[in-house]
Amino acid sequence: MSAVQAQISWVYTDALAPCVRFYRDTLGLKVVRDAGSAMMFETGPGAQIGVCETFEGRVVQPEGSMITLVVADPEGVDQAYARLMAAQADLRGPPEEIARFGIYGFFCSDPNGYQIEVQCFL
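The letter at position 95 of the sequence shown is residue 140 when you use this note's numbering, and the numbering goes up by one with no holes.
Rendered as structure tokens:
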């Protein structure tokens, strides 16, 4: 394999509009591609989350999945938490330190139940 230039994590939905509102408006991610039935959101240089309407064998299947968004510091985690709380996102609890992994973060779910983690390394 030649050098990887980018990475996209795909999730699937039966209704694209609520997901666009979540990823673009609630999380504040920039739309980098609108393909009509699929949207791609930039999470960092060369990294994206793609949300696509279901088709053929592509189905909504959030069990066991997690997308982790890494921010610079605990203040960034707290700011993200406040933003998501104000938007009434599906939060799993407040930010906390997980000493086992040396991180500080929290979890929420997107409109289809895909787990999103916002964290920083300590």
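We treat Cβ as the ideally placed atom computed from N, Cα and C, and that holds for glycine.
Quick caveat: nothing in here was measured; it's all calculated off a predicted structure.
- For ARG145, no alpha helix (DSSP H) segment is defined, and its DSSP state is neither H nor E.
- Burial is judged here by how many other beta carbons sit within 10 angstroms of a residue's own beta carbon; ILE143 has fewer than 16 and is exposed.
- In this structure, VAL56 places its C-beta atom within 9 Å of the C-beta atom of ASN157.
- Fewer than three pairs of CB atoms, one per stretch, sit closer than 8 Å, so the stretch 76-85 makes no contact with the stretch 113-127.
- For VAL65, the uninterrupted alpha helix (DSSP H) segment begins and ends at 61-65.
- With contacts defined as CB atoms closer than 9 Å, LEU72 and ARG128 qualify as a contacting pair.
- Between the alpha carbons of GLN160 and ALA51 lies a distance of about 22 Å.
- Under DSSP, ARG78 shares a beta bridge with MET85.
- Here DSSP, grouped into helix, strand and coil, assigns ASP135 to strand.
- Close CB contacts of CYS165 within its chain, under the 8 Å cut and outside five residues either way in sequence, are with VAL115, VAL116, ALA117, ASP118, PRO119, GLY121, VAL122, ILE148, TYR149 and GLY150 (chain order).
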